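Here is the structure we will look at, set down as structure tokens.
Protein chains: 2
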Amino acid sequence: MVSDRSLEVLRVIVQDYVASREPVGSKSIVERHGFDVSAATIRNDMAALEEEELIVAPHTSSGRVPTDKGYRLFVDRMSEVRPLSVAQRQAIEVFLGQSVDVDDVLARTVRLLAQLTHQVALVQYPSTSRARVRHIEFVPLAPRRVLCVLIADSGIVEQGVAEPDGELDEAPLAELRARVNAEAAGLRLTDAAALLRRLPETLSAERWDEDARGFAAALCSAIVEQIESTRQERLIMAGAANLVRTEIDFTGSVTPVLEAIEEQVELLKLFGEMERDQHGVAVRIGRENAAATLSEASVVASGYAGFGTDVARLGVLGPTRMDYSNNMAAVRAVARYLSRLLGE
Amino acid sequence: MVSDRSLEVLRVIVQDYVASREPVGSKSIVERHGFDVSAATIRNDMAALEEEELIVAPHTSSGRVPTDKGYRLFVDRMSEVRPLSVAQRQAIEVFLGQSVDVDDVLARTVRLLAQLTHQVALVQYPSTSRARVRHIEFVPLAPRRVLCVLIADSGIVEQGVAEPDGELDEAPLAELRARVNAEAAGLRLTDAAALLRRLPETLSAERWDEDARGFAAALCSAIVEQIESTRQERLIMAGAANLVRTEIDFTGSVTPVLEAIEEQVELLKLFGEMERDQHGVAVRIGRENAAATLSEASVVASGYAGFGTDVARLGVLGPTRMDYSNNMAAVRAVARYLSRLLGE
DNA sequence: GATTGGCACTCGACAGCGGTGAGTGCCAAC
DNA sequence: GTTGGCACTCACCGCTGTCGAGTGCCAATC
Numbered sequence: 001m002v003s004d005r006s007l008e009v010l011r012v013i014v015q016d017y018v019a020s021r022e023p024v025g026s027k028s029i030v031e032r033h034g035f036d037v038s039a040a041t042i043r044n045d046m047a048a049l050e051e052e053e054l055i056v057a058p059h060t061s062s063g064r065v066p067t068d069k070g071y072r073l074f075v076d077r078m079s080e081v082r083p084l085s086v087a088q089r090q091a092i093e094v095f096l097g098q099s100v101d102v103d104d105v106l107a108r109t110v111r112l113l114a115q116l117t118h119q120v121a122l123v124q125y126p127s128t129s130r131a132r133v134r135h136i137e138f139v140p141l142a143p144r145r146v147l148c149v150l151i152a153d154s155g156i157v158e159q160g161v162a163e164p165d166g167e168l169d170e171a172p173l174a175e176l177r178a179r180v181n182a183e184a185a186g187l188r189l190t191d192a193a194a195l196l197r198r199l200p201e202t203l204s205a206e207r208w209d210e211d212a213r214g215f216a217a218a219l220c221s222a223i224v225e226q227i228e229s230t231r232q233e234r235l236i237m238a239g240a241a242n243l244v245r246t247e248i249d250f251t252g253s254v255t256p257v258l259e260a261i262e263e264q265v266e267l268l269k270l271f272g273e274m275e276r277d278q279h280g281v282a283v284r285i286g287r288e289n290a291a292a293t294l295s296e297a298s299v300v301a302s303g304y305a306g307f308g309t310d311v312a313r314l315g316v317l318g319p320t321r322m323d324y325s326n327n328m329a330a331v332r333a334v335a336r337y338l339s340r341l342l343g344e
Numbered sequence: 001m002v003s004d005r006s007l008e009v010l011r012v013i014v015q016d017y018v019a020s021r022e023p024v025g026s027k028s029i030v031e032r033h034g035f036d037v038s039a040a041t042i043r044n045d046m047a048a049l050e051e052e053e054l055i056v057a058p059h060t061s062s063g064r065v066p067t068d069k070g071y072r073l074f075v076d077r078m079s080e081v082r083p084l085s086v087a088q089r090q091a092i093e094v095f096l097g098q099s100v101d102v103d104d105v106l107a108r109t110v111r112l113l114a115q116l117t118h119q120v121a122l123v124q125y126p127s128t129s130r131a132r133v134r135h136i137e138f139v140p141l142a143p144r145r146v147l148c149v150l151i152a153d154s155g156i157v158e159q160g161v162a163e164p165d166g167e168l169d170e171a172p173l174a175e176l177r178a179r180v181n182a183e184a185a186g187l188r189l190t191d192a193a194a195l196l197r198r199l200p201e202t203l204s205a206e207r208w209d210e211d212a213r214g215f216a217a218a219l220c221s222a223i224v225e226q227i228e229s230t231r232q233e234r235l236i237m238a239g240a241a242n243l244v245r246t247e248i249d250f251t252g253s254v255t256p257v258l259e260a261i262e263e264q265v266e267l268l269k270l271f272g273e274m275e276r277d278q279h280g281v282a283v284r285i286g287r288e289n290a291a292a293t294l295s296e297a298s299v300v301a302s303g304y305a306g307f308g309t310d311v312a313r314l315g316v317l318g319p320t321r322m323d324y325s326n327n328m329a330a331v332r333a334v335a336r337y338l339s340r341l342l343g344e
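Protein chains in written order, with my numbering: chain A, 1 to 344; chain B, 1 to 344.
So this is what it looks like as structure tokens:
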């Protein structure tokens, strides 16, 4: 039985606790928030909230602290995601507006997000699992050295040098280039890899002798290698100092948390699982995270769109005691702006 | 007046203090290191070392701790940089051996270095200040959209999309490509940028009308932009958790240290100043660092060579109380291996 | 002259102790 | 349903006393 006023009490408990890091008591609630009831009444409400496991008292007779469940209710029902301030908006535009290449945009993005939220920011590199081939290019560098460039529609570019056994004139190289692009362009990267593995065999035997075919195979397999080694599953991080600053919110140490972030794999999995809610962002709170190391951490994330559909995710990570409203707003705004930028 | 035995005492003080983080006293020195003299004698030696400011006592009558000057003497005169263990060597080969592109190699390198040293590892992206143009490529993506790729001999590849006003057939585009490469290849990036700014004007007026010239100018300026925005001055970091683990070695907090690392600019400056010593690595200890935030930190760094001369530096950062021998050995070995890898 | 044992002294670490104050649960009264 | 009163709990703070590792100094010794 949780009354409306009780929910209001939960809200101020969350807000005050996030602001002060101190368990909040009934008296300070009525004093600081102009409730028209007495402290004893609030105590009754708090008892009800505790019954519902929305708050707990760290020790007998101390103020209350929100539980993960309490934060969850707060996030779902009570936090309006207020738009960013004008200054913050401008910061985004100024900070991201002048970048050229994707690496640079993402590096700036992650730093910006860390700055806006005062948390650790994470940006996943555009995933190639959904990305498609836009263009493949072969550039002769020297005899027996050909630069193979793969351009995906997520904007990423991979390159590598192939060292085929023989040589090939410009004309058949152009033919190969045309053929490869005609067949592979538009395919998903994984499909393109499969195609390229077979392609050399299908070259017409009249015009492609043994050597030329070997040459083509070398180039194709270089591209395949790039597809496979692509940085699809990579995260970049900024703002580690912010996490350390909140060290006190973690029992023990933040070391395992930082390690988990640097390991990436756990975070990538988590990013993959998260679903946007009605605000356009996804939030995982404390023990909602499967990983035990993250049981005192919350993650706010959103997908961002590249040249087509969502290509990857970005977000922030911090102690469960974080400013969800602000962080959700910042993550959403940055994701949107980044999408717009990459979509151009 | 520092005797030979006194230096030996300094060595064990450094070693024991690094190992235990506890100020080391005269008694434990004779006990644990088989000195053939009494504790009182060691105390006299310690008084001499203290006179020379090589060690200090944190409080009256507690064990001694090395000063920056003490560490410096240790590093310069007493630490033989012992080769890595076989297992460590193998780790390097396995970890780095299978990478394809430069981004990937460097990402692996920095993680490996963090793992080998248990410190924060830093790798500077190959500097372009000395790098030269290897190849420039223009790839038509769509009408009025041309991908411009710049390949430098440091191995880095920059790309961006130019959006010229008009259109151009393949033939003049090929001519432009040939011309640009003929003139720019081999130049330092900065010289190439200067050249490319002028180049469109020098195109023969007969075959290049107003529009075509504008088109060429758009492509050239895209390349110039890439040169200017190149990631020359970028650091990647790994092992932040290691720094946090050594938090106790920093008075106050590691937060400012982490911030300084993430800011990059101070570190890049520092990297730029460091000179290799006879071991092939450079070491900066505590207050030797100009930046006040790093006055309790030491940096061990080495340059690595790319396709020619030194292109950038890599190293580790940690508390002054670090295992210099091991870290110097690891940095040197990784730098050498990376150089070999990039030189191929 | 270098080395040694002895001795008084210093000082951080740790545990025990009581006072203080914010906060609680409960209850009877409104 | 709300309120004021009351006894109770417990973290926090500062104080105290003990313990032990380590020092500096000095006179005695090799």
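For each residue, glycine too, the CB sits at the ideal point set by N, CA and C. Small disclaimer: the values here were computed from a predicted structure and weren't measured.
Are the stretch 111 to 120 of chain A and the stretch 320 to 334 of chain A touching by the rule of at least three beta carbon pairs closer than 8 Å?
Under the three-pair Cβ rule at 8 Å, the stretch 111 to 120 of chain A counts as touching the stretch 320 to 334 of chain A.
Does the CB of H118 of chain A have a neighbour CB from chain B at under 8 Å?
no
Is any beta-carbon of chain B found at less than 8 Å from that of A217 of chain A?
no
Name the one or two DSSP bridge partners that L122 of chain A has.
Beta bridge pairing from DSSP links L122 of chain A with A:M237 and A:G315.
Please report the Cβ distance between L294 of chain B and V257 of chain B, rounded to the nearest whole angstrom; I am assuming they are in contact, meaning their Cβ atoms lie under 8 Å.
7 Å
Looking at the structure shown, is F138 of chain A part of a helix, part of a strand, or coil, going by DSSP?
strand
Taking any Cβ of chain A, which residues in the stretch 121 to 152 of chain B have a Cβ under 8 Å from it, in chain order?
R134, H135, E137, V139, L141, L147, V149 and I151
Interface residues of chain A around R245 of chain B at Cβ under 7 Å?
T255
Is the stretch 241 to 255 of chain B close to the stretch 246 to 266 of chain A, with three or more CB pairs under 8 Å?
Yes, they touch.
Quick check: the stretch 194 to 212 of chain A against the stretch 213 to 232 of chain B, are at least 3 beta-carbon pairs closer than 8 Å?
The stretch 213 to 232 of chain B is not in contact with the stretch 194 to 212 of chain A.
Could you please give the first and the last residue of the uninterrupted alpha helix (DSSP H) stretch that includes V105 of chain B?
V102 to T117
Using a C-beta cutoff of 8 Å, does A238 of chain B count as contacting chain A?
Contacts with chain A at 8 Å (Cβ-Cβ) include A238 of chain B.
Roughly how many whole angstroms lie between the Cα atoms of R108 of chain A and R32 of chain B?
52 Å
Compare the C-alpha of E50 of chain B against each of B:K27, B:D76, B:S6 and B:M78 and name the closest.
B:S6
Look at the Cβ atom of A162 of chain A, then the Cβ atom of L219 of chain A, and state whether they are nearer than 8 Å.
yes
Within 8 Å (strictly less), CB to CB, does A182 of chain A reach chain B?
Not one chain B Cβ lies under 8 Å of A182 of chain A.
Could you name the residues that DSSP lists as bridge partners for S302 of chain A?
A:L314
Taking the beta strand (DSSP E) that L150 of chain B belongs to, which residues open and close that run?
R145 to A152
Alpha carbon to alpha carbon, what distance is there between A47 of chain B and D249 of chain B?
24 Å
By the criterion of Cβ-Cβ separation under 8 Å, what are the contact partners of A259 of chain B in chain A?
It should be noted that the sequence gives Glu, not Ala, for residue 259 of chain B. Going along chain A in sequence order, the residues near E259 of chain B (Cβ under 8 Å) are A241.
Quick one: give me the first and last residue of the alpha helix (DSSP H) that Q90 of chain B is part of.
V86 to G97
DSSP three-state call for V257 of chain B: helix, strand or coil?
helix
Is there a C-beta anywhere in chain B that falls below 8 Å from the one on E266 of chain A?
no
When the Cα atoms are used, what is the spatial distance from R72 of chain A to Q90 of chain A?
31 Å
At the 8 Å Cβ level, is S339 of chain B part of the contact set with chain A, yes or no?
Cβ-Cβ to chain A under 8 Å: no for S339 of chain B.
State the DSSP-derived secondary structure class of Q159 of chain B, mapped to helix, strand or coil.
strand
Which two residues bound the contiguous beta strand (DSSP E) that contains I285 of chain B?
A282 to I285
Cβ closer than 9 Å: which chain B residues qualify as neighbours of E262 of chain A?
R111, A114, A238, G239, A240 and A241
If you follow the alpha helix (DSSP H) that N326 of chain A is part of, which residue opens it and which one closes it?
Y324 to G343
Can you check whether the C-beta of L342 of chain A is within less than 8 Å of a C-beta belonging to chain B?
no
Can you tell me the Cα-Cα spacing of G308 of chain B and D277 of chain B, whole angstroms?
With a pLDDT of 47 at G308 of chain B, under the threshold of 50, the modelled position of that residue is not reliable, and the figure given next carries that caveat. Rounded to whole angstroms, the gap between the alpha carbons of G308 of chain B and D277 of chain B is 21 Å.
Using the Cα positions of S61 of chain B and S26 of chain B, report the straight-line distance between them to the nearest angstrom.
11 Å
Can A305 of chain A and G343 of chain A be called in contact, C-beta distance under 8 Å?
yes
Expressed to the nearest angstrom, what Euclidean distance is found between the alpha-carbon atoms of V120 of chain A and G239 of chain A?
The alpha-carbon of V120 of chain A is positioned some 5 Å away from that of G239 of chain A.
Would E170 of chain B and E137 of chain A qualify as a contact pair, given that the criterion is a beta-carbon distance under 8 Å?
If you check the CB distance, E170 of chain B and E137 of chain A do not come in under 8 Å.
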